[in-house]
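Below is one structure; the comments refer to it alone.
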Amino acid sequence: MPPKTRYKNWNSFSFFLRSLWWDFLNLFFPLTCAACGNYLFKNEKVICTSCLFQLPKTNFHFQKDNPISDIFIGRVKIENATAYFTFNKGSRYQKLIHKLKYNRQAEIGIELGRHFGNTLMNSQEYRDIDTIIPVPLHPKKKKMRTYNQSEMIAKGIAEAMNSDLVVDVLIRNVHSESQTKKNKIERWLNVKNVFAIKTKDVLNNKHILLVDDVVTTGATLESCAQKLLEIDGIKVSIACLAQA
Ligand SMILES: [Zn+2]
């Protein structure tokens, strides 16, 4: 008599195989939380449940006027602005951002982006976002770090919000001059001309979510938004992963 089929279809069998493979891999190379270093459970990805729960979330996206939107008042016309969480110097959450930027751990950005995107979907102000655009990284830096960290965050957000991710319209002009030798005004003028728009028409009348990793003075986001606002009928909102 032939043995009874345990798996009703190929899908559940392949799920079983993948699960077995995960157990096998985890036995020899246990995955750890990128924030606290503890071992991850099977259902956890990149960051453990406890670290996610304790993440110092701002919930600024549920209030129209907040410390992030205040940064841009009188500087550039923004619909809404928010940051997912805030961090203290030396905290595990600052280390998380550091790992995302310099340690080639793109998954941190994608995973936190997904969580961020899910919470943005609960806010009335962000529900009509059409397109997600990351702040472009200087090509030299991108080559060094192998990816643009803001693009990874944007990727996770776009996935969660079911929006388009556009990375080839807002671009960074290549400058050879160093910023450090300039005075404040020269630096400001320089930052103003850092970005350019390619193929304007594709973003006509869209509500854009401009994404960055960390917001401090807002100068980079301001000049990106200024450029984007040259497009017809466009609306710009801002989402940063963290507030420094
Ligand atoms: Zn953890």
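Numbering follows full-length UniProt numbering, with no gaps: position 76 of the sequence shown is 76. By construction, the Cβ of each residue, glycine as well, lies at the ideal position given by its N, Cα and C atoms.
Tell me, to the nearest whole angstrom, how far the beta carbon of residue i is from that of residue j; I am working on the premise that it is less than 8 Å.
i: Val-202; j: Pro-134; result: No, Val-202 and Pro-134 are not in contact; Cβ-Cβ is about 16 Å, not under 8 Å.
i: Ala-81; j: Phe-72; result: 6 Å
i: Ile-129; j: Ser-12; result: Incorrect: roughly 36 Å between the Cβ atoms, too far for contact.
Of all the CB atoms in chain D, is at least one closer than 8 Å to the CB of residue i?
i: Ile-78; result: Of the protein chains in this structure there is only one, and it is not chain D.
Would you say residue i and residue j are within 8 Å of each other, going by their C-beta atoms?
i: Phe-195; j: Ile-157; result: no
i: Lys-57; j: Asp-213; result: no
i: Arg-92; j: Cys-51; result: yes
i: Gln-94; j: Phe-87; result: yes
i: Gly-233; j: Asn-193; result: no
i: Ile-208; j: Leu-165; result: no
i: Gly-109; j: Gln-54; result: no
i: Leu-137; j: Ala-239; result: no
i: Glu-111; j: Lys-45; result: yes
i: Ile-197; j: Val-215; result: no
i: Ala-34; j: Lys-89; result: no
i: Met-144; j: Ala-106; result: no
i: Ile-97; j: Gln-243; result: no
i: Leu-31; j: Leu-17; result: no
When we look at the beta-carbon of residue i and count the other beta-carbons within 10 Å, is it buried (16 or more) or exposed?
i: Leu-25; result: exposed
i: Gly-37; result: exposed
i: Ser-176; result: A caution first: Ser-176 carries a pLDDT of 48, below 50, which makes its placement in the model too unreliable to give a value.
i: Leu-20; result: exposed
i: Ser-223; result: buried
i: His-61; result: buried
i: Leu-221; result: buried
i: Gly-218; result: buried
i: Ser-163; result: buried
Pick out whichever of the options has its Cα sitting closest to the Cα of residue i.
i: Gln-124; options: Met-161, Val-174, Leu-40, Lys-45; result: Met-161
i: Gln-63; options: Leu-112, Ile-110, Tyr-126; result: Tyr-126
i: Thr-146; options: Thr-119, Ser-163, Asn-103, Met-121; result: Asn-103
i: Lys-140; options: Ala-34, Val-174, Phe-41, Thr-32; result: Val-174
i: Leu-241; options: Arg-18, Phe-13, Arg-114; result: Arg-114
i: Phe-116; options: Lys-155, Gln-105, Lys-142; result: Lys-155
i: Thr-199; options: Ala-225, Ile-153, Val-167, Ile-185; result: Val-167
i: Asn-59; options: Glu-159, Ala-225, Lys-142, Asn-122; result: Asn-122
i: Glu-159; options: Asn-183, Ile-185, Lys-142, Asn-118; result: Asn-118
contact_flag[the segment 71-84, the segment 226-235] where n(CB pairs < 8 Å) is 3 or more: Flag = yes, the segment 71-84 and the segment 226-235 touch.
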